[in-house]
Structures are given as structure tokens and as C-alpha cells.
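K.L.:
For the sequence shown, position 86 matches number 101 in the numbering used here, and the numbering has no gaps at all. The beta-carbon is built from N, C-alpha and C at its ideal position, and this holds for glycine as well. It should be emphasised that the depicted structure is a prediction, and the values quoted were computed from it without experimental measurement.
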Amino acid sequence: MSHGFDTLAIHAGQDPEARTGAVIPPIYQTSTYAQDAVGAPRLGYEYSRSGNPTRDALQECLAALEGGPVGLAFASGLAAEDTLLRTVCKPGDHVVIPDDAYGGTYRLFARVAERWGLDFTPAKVSDPDAVRAAIRPGSTKIVWVETPTNPLLGIADIAALAGVAHDAGALLVVDNTFASPYLQQPIAHGADVVVHSTTKYIGGHSDVVGGALVAADAGLGEELRYHQNAMGAINGPFDAWLTLRGIKTLGVRMDRHCDNAERIAAYLDGHAKVGQVIYPGLPAHPGHEVAAKQMRRFGGMISFRAAGGEEHAVEICNRTELFILAESLGGVESLIEHPGRMTHASAAGSPLEVPGDLVRLSVGIETVDDLLADLEQALG
Ligand SMILES: Cc1ncc(COP(=O)(O)O)c(C=O)c1O
């Protein structure tokens, strides 16, 4: 029987525990497991890097939410990305990356993977022709996209890019961190691997760092599982438990994030102290129609340009009271940041450098009138 998203979020991988009936999966805070005889580990558990029941519960739930056969949980989003790259690519290969992406993802390609022999080309992921032109036939192994992108909220047409990648014999990887599986399920649109920083909406409470991969193909999923163990960047049992607790309310949280973000985007749009408002839910956003096609709603992230330039943008970030000045996103509390000097500082001087007058909001689930009042006083 197939179940709805919220049912899966609460139950997938989370049957009551067999021995005691505990309704919530226990935290198996153990590194190793007693074996019944040499070579006969109980239920296949032998060492917690290779397998842990709390992590298994999270992995099964992640796979169910993204609609893939294999889900894997990592120590962080970047650990998941690194494991994926080193599973699929080898020195001499090439990857197409977004020309707008999380700064740490760019740093992984530009400062780590490139030194190790992996070449990359940034391309505008909202333009399938630009992505096609960036592909090097024979050597491109991955077309990597974020949608919406961080921080400029560009929208990639997942189905169109799946066609472009597959024509070239490459995989389409979608970083679904900004949307969450509640708003968008890339595998249903043709993606081969979904990446998450579970630190963000999936965990949802700014209390745990983690990452995930969900593969559309079971064979690739098993290769990734092999590398997860061989490379070792696993999610710990307590972190997996916290993430699972967050997942149970993902759907209701996302709806509230979207409600609040829609109100705030409408308020900022046309405000005298604000230049361009970037939110895929606004009809003027160039990716609005594609977003409406592949997303349930438009998410909780808003970026905008301060009318008074970079110093004004910095002042706004310094002046908010409810919006906490902090990196990260996707928690229940609202955050504000200056991408150019904070999350995306590592992209300075690169094709991924972000405008200095840009402010990014992660709209939380507080009372929206309080958030609007905070922005009104901070805009000056
Ligand atoms: C879109 C996106 N992908 C990946 C990451 C990296 O995840 P983590 O910080 O959990 O390593 C982030 C972090 O901000 C992100 O925003």
C-alpha cells in the first residue's frame, strides 16, 4: 500500500522496536555488536561504521521520502557530496556545476576535487542549452544542480536537465536542500541522485549537522553504500535520531515556512528600501513557471537586493532582532545573512561570486506579523 508524504515521514523505517515496543527508534549508541559465532553477526550488524539501526531507520525514511530504493546518511552535506563524487568520478573526469551554488559546494570542487584531478565547468542551470554546451562528451560524468540555487534562488528544470545529462551518458545530481522532499522530489522528474544537507529543513531545528544521498538506481545505491563504509563519513546514532525526530514534522513545518515566506516576499516586493526581490513564488521570477511545475510550493528562502547598496545590506543584517544574524537555514527560527561576506565568502573572485547588496532570509515559522515588523524596523 502506498502512503502519503506525512505518513511516510512519521512511519517509514520507524516501526515500533521489536523487543520492547518502543514507539520511537532507540538511539543505538554503540560502536560494535556481539556476534553469535565467528562470521555470524546478528541481523548483519558488526560495526557501526558499516551499519547502525538508528542510522538505518533514518536512511529508510529518507529513501521513502525521496522515492528512491537506497538512502544514506552522512556526517554533513559536504561529506555526502564528497562520497558521491569519489564514487562516481575518477581523476580526469569532468563535472558541470551550477554558476550559483552553496559556497562550500563550490569550494569542494574548486579547492579539493580539482587538485585531485576532477575538472569542472560552471553553467547557468536555469538554461538547459547552457548546461548542454558545458558538457564535454565522454568525460562529463555528472551534471550537478541545485534548485532552487543558493543564494540566488535560480530554478533548474529537472526533467529537461535529466534529458541533457542522460543524452551525454552523465548522471543528473540534484541538491534538494532548499526545497526539501516535501516540496520537490527530483527522482520523479528523472534525477539519478538527490543530495541533502539534512542540517537544514529535514532536521529543521538547527540542532544537528548531517547530509544524505538518495539514489534512483539500486545498483548505484549499493556502490554509494560501499563507499559510505569505505570512506567512513557516516551520520552518528544520536544525530540520526535527532534528524528523524525533525523529519516527522517536515510537511507541517514546510507549509508554515511557505505561508510566511509568501507574505514576506509580497511585503518586500515594491518596498522603497528594497531593490529586486528574488522568490520563485513571485510571478515575475524567471523560473516561476518551472518551479510551479516541479514544486508543491515555493519554499521558505527569500533573497533581496538592498536599495542602498552593500553597506545598506550589511546594516539590515545587523539591525534585525527576531531574524537572527547567522549562517545556515531551514530551522524553525528565522535567520538573516549577508551571503557575500558569510556563506559565500569562499566564492569571492570566482564565477560564483554573489552581489554585495544581496541579503538572504531563511523565513522561520514564527508569527508572521512579528517577522514583518522586524523587517520594517531593520530596513530603516
Ligand atoms: C544547498 C546546500 N548544499 C549543501 C550544503 C552543505 O551542507 P553541510 O553544511 O551540512 O555540510 C549546504 C550548506 O549550507 C547547502 O546550503
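If we ignore side chains and look at the alpha-carbon of each, how far apart do residue 62 and residue 253 end up?
P.N.:
Distance between the alpha carbons of residue 62 and residue 253 is about 16 Å.
K.L.:
Here's the rule: buried if 16 or more other CB atoms are within 10 angstroms of the residue's CB, otherwise exposed. What is residue 35?
P.N.:
So residue 35 ends up on the exposed side.
K.L.:
Going by the CB atoms, is the gap between residue 296 and residue 345 shorter than 9 Å?
P.N.:
no
K.L.:
Out of 79, 389, 281, 123, which one is the CA nearest neighbour of residue 331?
P.N.:
389
K.L.:
Which residue wins for smallest C-alpha separation from residue 137, given the options 130, 189, 124?
P.N.:
124
K.L.:
State the beta-bridge partners of residue 85 as determined by DSSP.
P.N.:
230
K.L.:
I need the boundaries of the beta strand (DSSP E) containing residue 291, first residue and last residue.
P.N.:
289–293
K.L.:
From this set, 247, 276, 215, 298, which residue's C-alpha is nearest residue 117's C-alpha?
P.N.:
215
K.L.:
Put residue 268 into one of helix, strand or coil per three-state DSSP.
P.N.:
helix
K.L.:
Leaving out five residues before and five after residue 165 in sequence, what residues of the same chain have Cβ atoms less than 7 Å from its Cβ?
P.N.:
Excluding sequence neighbours, residue 165 sits near 116, 117, 193.
K.L.:
Between the alpha carbons of residue 147 and residue 238, how many angstroms are there, rounded?
P.N.:
Spanning the two alpha carbons is a distance of roughly 27 Å.
K.L.:
Is it buried or exposed for residue 277, if we count other Cβ within 10 angstroms and need 16 for buried?
P.N.:
buried
K.L.:
Using CA atoms only, rank isn't needed, just tell me which of 326, 182, 89, 271 is closest to residue 4.
P.N.:
Nothing can be reported for residue 4, as the shown portion of the chain is limited to 16 through 395.
K.L.:
Could you check where the alpha helix (DSSP H) with residue 3 kicks off and where it finishes?
P.N.:
Outside the shown range of the chain (16 to 395) lies residue 3, about which nothing can therefore be said.
K.L.:
Apart from the five residues just before and just after residue 266, which ones in its own chain have a Cβ nearer than 7 Å to its Cβ?
P.N.:
Answer for residue 266: 20, 21, 24, 197, listed in chain order.
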